[in-house]
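Reading through the structure tokens given below for one structure.
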Amino acid sequence: MKSGTNVNKKKLIEFVRRKVEELEEELNFYKQLLMELTGKTVHEEVKSKPLSPDNVKVIAIGNDIIANIVELRDSVRIMLRESIPSNNPLLNSFLLQLLRDKKELGEMKDFEVKENKGYVTEIVIRGINNKSLVKEVEIALRYLWKEVHREK
Numbered sequence: 003m004k005s006g007t008n009v010n011k012k013k014l015i016e017f018v019r020r021k022v023e024e025l026e027e028e029l030n031f032y033k034q035l036l037m038e039l040t041g042k043t044v045h046e047e048v049k050s051k052p053l054s055p056d057n058v059k060v061i062a063i064g065n066d067i068i069a070n071i072v073e074l075r076d077s078v079r080i081m082l083r084e085s086i087p088s089n090n091p092l093l094n095s096f097l098l099q100l101l102r103d104k105k106e107l108g109e110m111k112d113f114e115v116k117e118n119k120g121y122v123t124e125i126v127i128r129g130i131n132n133k134s135l136v137k138e139v140e141i142a143l144r145y146l147w148k149e150v151h152r153e154k
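Counting from 3, one number per residue, gives the positions in the sequence shown under this note's numbering.
Here it is as structure tokens:
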């Protein structure tokens, strides 16, 4: 194979990757619009993706990984890489209060906080009706993580 062909092949691969990302983003906009128009969750209206690496997101601050977010068929699992004490005042007054408020507003059906030996290890959110909810929880987790590590 000639070197000119390799360059063209690399450009073609990059072009196709960009196009796929653009189309996925466009599809997400259509899903959001459909959800707004029908009043149903995306999972009720559109078949969800099977679990794949694309469904897993890493939340990090610098080189520190805080959590992994896994989007499943009917829920989102947030698995903390470093457990937070379940009696942490900021956890209860900020993050968990945010989740309770979002549930009350109907932006999700329910949530569950999983603990092990007095530490929160995972948060499961079910029936998300607002696509920005996961981003809000991600931002809240980043803030909580920074505050917990500032105290040490």
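Backbone N, C-alpha and C fix where the C-beta goes; we use that ideal spot for every residue, glycine too.
Remember, it's a predicted structure, so these values are computed and weren't measured experimentally.
Cβ shell of residue i (< 7 Å), same chain only, five flanking positions each side left out
i    : result
V60  : I67, N70
S88  : E117, G120, Y121, V122
E124 : R79, I80, M81, L82, K116
Residue i versus residue j: straight-line alpha-carbon distance, rounded
i    : j    : result
E27  : K104 : 25 Å
R152 : F17  : 43 Å
D76  : G129 : 6 Å
W147 : L135 : 18 Å
E38  : I86  : 35 Å
Selected residue, minimal CA-CA separation from residue i, among the options
i    : options                : result
Y145 : E124, L100, M37, L39   : L100
L36  : E140, N131, I141, E138 : N131
Reduced DSSP category for residue i - H, G, I as helix; E, B as strand; rest coil
i    : result
K133 : coil
Q75  : According to the sequence displayed, residue 75 carries Arg and not Gln. Correct three-state label for R75: coil.
M110 : coil
K119 : coil
N70  : strand
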